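What follows is a short report on a single structure.
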């Protein structure tokens, strides 16, 4: 015990009981910098640094670490000079303080895992629709009465609850901005499927490099001839509802459509796309509406003429590539000819 006393005779000790952040009772010591090493060697347990003084520092120790040395502590207290207070009133600079964390009843913690992906998907959808407005304005002008493509995109925006101010802002922005160019990349992906990637960019060199990087990273490549696997058609979109495949096919034949296919929109809702010739699109839509089909939108799309079947592992790789392309800011739309194997 004498050795212990000798180790700490060069500092004064505060018998100061405190409850710190851990909730356990502690004792604080004010230790000169020259004696801190000997002090730490003497005591056991965890040591918490509370702050600095001009020539010393203040530390906190748990009561449990000082129990074996309680006699030594008493001797040190008795040896403190009369002019030195055992309750040091000098302020210290706190290094760190963390308030307690309370779970509470936080609604956000329950919905964030669902809300964040949905918000991100909606943000991407609105970005793509704005880009489609720019493309339509560049091709046919800002007046939807004389620009069928623009009118169709505006209709898609309204069906997806895009605010009118956002639509007007996109049209005005496209009208003012004369820069930027539109390109269609022909792509071959994992498993041999083909894809067409439409982009609108302000920097051709940058977009070309980054598109090729994404393709190379995910097993794809730019190739010639991919466009031959597609045909440009008129597509009328409608909500499927409770309609069976047989009923949808009968309606397609009666309305004059060439085919009907099942697909999903940006919010993963099941939709039907009625495919027809480009010049017949308006008539097919009107016929479907007379038959009681709730159409959502219509427009010109690239439709695959030769589907490529992919196995499950190839489908996974293809999905990763297509999602990476769709997430790229300059990409407007992506079409593919993938067919899942039974």
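Residue numbers (this note's numbering): 0 to 341.
Glycine residues also receive a C-beta, built at the ideal position from the N, C-alpha and C atoms.
Bear in mind the structure is a predicted one, so any value in this text is a computation, not a measurement.
*Ordered along the chain, which non-local residues of its own chain (more than five positions away) have a Cβ less than 7 Å from that of residue 323?*
Position 324 of the chain shown, counting from 1, holds the residue named residue 323. Within the same chain, residue 323 has close Cβ partners 213, 217.
*Within 10 angstroms of the Cβ of residue 331, are there 16 or more other Cβ atoms? Answer buried if so, exposed if not.*
For this step, residue 331 is matched to residue 332 along the chain shown. So residue 331 ends up on the buried side.
*Can you list, in chain order, the residues of its chain whose CB lies under 6 Å from that of residue 326, leaving out five sequence neighbours each side?*
As a working mapping, residue 326 is identified with position 327 in the chain shown. Answer for residue 326: no residue qualifies.
*Report the rounded CA-to-CA distance for residue 280 versus residue 234, giving the unit in angstroms.*
On the chain shown, residue 280 is found 281 positions in, with the first residue counted as 1. On the chain shown, residue 234 is found 235 positions in, with the first residue counted as 1. The alpha-carbon atoms of residue 280 and residue 234 are separated by roughly 7 Å.
*Under a three-way DSSP split, which group does residue 331 fall into?*
Residue mapping note: residue 331 aligns to position 332 of the chain shown, counting from 1. Strand at residue 331.
*Tell me whether residue 200 is buried or exposed, calling it buried when 16 or more other Cβ atoms sit within 10 Å of its Cβ.*
Within the chain shown, the letter at position 201 stands for residue 200. Classification for residue 200: buried.
*Confirm, please, whether the CB-CB distance from residue 296 to residue 126 is below 9 Å.*
Mapped onto the chain shown, residue 126 falls at position 127. Mapped onto the chain shown, residue 296 falls at position 297. Their beta carbons are not under 9 Å apart, which means residue 126 does not touch residue 296 by this criterion.
*asked:* Quick check on this structure: which residue in 311, 283, 329, 309 has the alpha carbon closest to the alpha carbon of residue 236?
replied: Numbered from its first residue, the chain shown carries residue 236 at position 237. Nearest C-alpha to residue 236: 283.
*Under the three-state DSSP convention, the category residue 298 falls into*: The count along the chain shown starts at 1 and reaches residue 298 at position 299. Here residue 298 sits in strand by DSSP.
*Over the uninterrupted beta strand (DSSP E) stretch that includes residue 270, give me the two end residues.*
By 1-based counting over the chain shown, the position of residue 270 is 271. Residues 269–275.
*residue 164: first and last residue of the uninterrupted alpha helix (DSSP H) it sits in*: In the chain shown, counting from the first residue as 1, residue 164 sits at position 165. Taken as a continuous stretch (DSSP letters only), the alpha helix (DSSP H) holding residue 164 covers 163–175.
_Tell me the residue span of the alpha helix (DSSP H) that contains residue 147._
Indexing the chain shown from 1 puts residue 147 at position 148. Unbroken alpha helix (DSSP H) run through residue 147: 147–158.
_Going by C-alpha to C-alpha distance, which of 129, 298, 336, 278 sits closest to residue 148?_
For this step, residue 148 is matched to residue 149 along the chain shown. Taking only the C-alpha atoms, the option nearest residue 148 is 298.
*Taking only the alpha-carbon atoms, compute the straight-line gap between residue 275 and residue 302 and give it to the nearest angstrom.*
On the chain shown, residue 275 is found 276 positions in, with the first residue counted as 1. On the chain shown, residue 302 is found 303 positions in, with the first residue counted as 1. For residue 275 and residue 302, the distance between alpha carbons rounds to 10 Å.
*How far does the beta strand (DSSP E) with residue 317 in it reach, from first residue to last?*
Mapped onto the chain shown, residue 317 falls at position 318. Premise fails: residue 317 lies in the alpha helix (DSSP H), 311–326, not in any beta strand (DSSP E).
*At a cut of 8 Å, does the segment 186–203 reach the segment 306–325 through at least three beta carbon pairs?*
yes
*Alpha carbon to alpha carbon, how far is residue 329 from residue 320? Give it in angstroms, no decimals.*
By 1-based counting over the chain shown, the position of residue 320 is 321. By 1-based counting over the chain shown, the position of residue 329 is 330. Those two C-alpha atoms are separated by around 15 Å.
*By a C-beta neighbour count over all protein chains shown, 10 Å radius and 16 as the cutoff for buried, is residue 128 buried or exposed?*
In the chain shown, residue 128 corresponds to position 129, counting from 1. The residue in question, residue 128, is buried, as its Cβ has 16 or more Cβ neighbours within 10 Å.
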